[in-house]
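Residue numbers (this note's numbering): 26 to 282.
Below is one structure, written out as structure tokens; comments come after it.
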Ligand code: DAK
């Protein structure tokens, strides 16, 4: 595996586990960390031995935001021509990405979690979009994804007042899918990753694409899109195997074909 400066990547039983590692600044995301993250995600996406991906941070911080020190120097042109391409590249990852959040997920860190397909949080997790306190606003999807995840009222509250949400509130509001004790976070995320990676990859990838479509189209278009993907899965060997296994009362053996 290639060595990265600001993260670690290992593969555990068909799960690509990425751990952001810039501890002296609570995993603040500078251009290099984002480039490494995108590179690691693309690598996992392209690897047929990987079926799901986890992004995590440290116990204290998933990520405390984009690197304020770097941004402080920006004028309009640097901000406009900056690293937006890298952040957007995360949307193109086709395998499921699980955010394992412990501690701070603020600003760009919260937005990164919102870009993931599923968020597992430790009881210590804190989500927030405090950009307003810096005289800016969320710029990596926060004003668009947060209201879709937690309602307009809560999104307004968080973005306008910089109030943070703890893990339980985030779970009730719909931002987080599961909350676990801090010591269980790694294993819980891995268990979810292994469960997903044990399913048929074409069906998993189509489910991700179809659910994302729900955000981007009318109900009518989304339903038609879902139906077409559904039909196409009947061309896979895994569909035959999955249904045969059910009839034969055994576990399916998927070959991702
Ligand atoms: N950037 C740089 N350094 C940071 C940082 C950050 N976001 N967050 C923390 N650090 C550094 C601190 O400066 C400190 O460094 P030293 O002083 O030790 O050198 C070290 O991490 C430890 O932090 P603290 O001493 O402050 O630790 P505390 O436990 O007291 O407080 C905290 C933790 C997370 C509450 C606090 O550090 C904090 O408020 N941090 C800033 C949080 C924040 O405002 N985040 C939002 C940043 S704006 C876009 C892409 C992304 C974005 C926008 C556009 N495009 C692609 C267009 C995102 C923007 C943002 O995220």
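Note that CB positions come from ideal geometry on N, CA and C, so glycine has one too.
{"Asked": "Around the ligand DAK, Cβ to any heavy atom closer than 6 Å, ordered along the chain", "Found": "50, 51, 53, 89, 90, 91, 92, 93, 94, 108, 109, 112, 129, 131, 132, 133, 155, 156, 159, 164, 165"}
{"Asked": "As assigned by DSSP and simplified to three states, the class of residue 45", "Found": "strand"}
{"Asked": "Three or more C-beta pairs below 8 Å linking the region 125 to 136 and the region 76 to 89", "Found": "yes"}
{"Asked": "For residue 228, three-class secondary structure by DSSP", "Found": "helix"}
{"Asked": "Any beta strand (DSSP E) of 3 or more consecutive residues that is wholly inside the region 162 to 221", "Found": "203 to 205"}
{"Asked": "Within 8 Å, strictly: CB atoms of residue 233 and residue 47", "Found": "no"}
{"Asked": "Own chain partners of residue 242 with C-beta closer than 8 Å, once the 5 adjacent residues on each side are dropped", "Found": "250"}
{"Asked": "First and last residue of the uninterrupted alpha helix (DSSP H) at residue 102", "Found": "101 to 106"}
{"Asked": "Residue 153 versus residue 146 - alpha carbon distance", "Found": "14 Å"}
{"Asked": "Cβ contact check for the region 149 to 168 and the region 188 to 201: 3 or more pairs under 8 Å", "Found": "yes"}
{"Asked": "Simplified DSSP state of residue 68, which is helix, strand or coil", "Found": "helix"}
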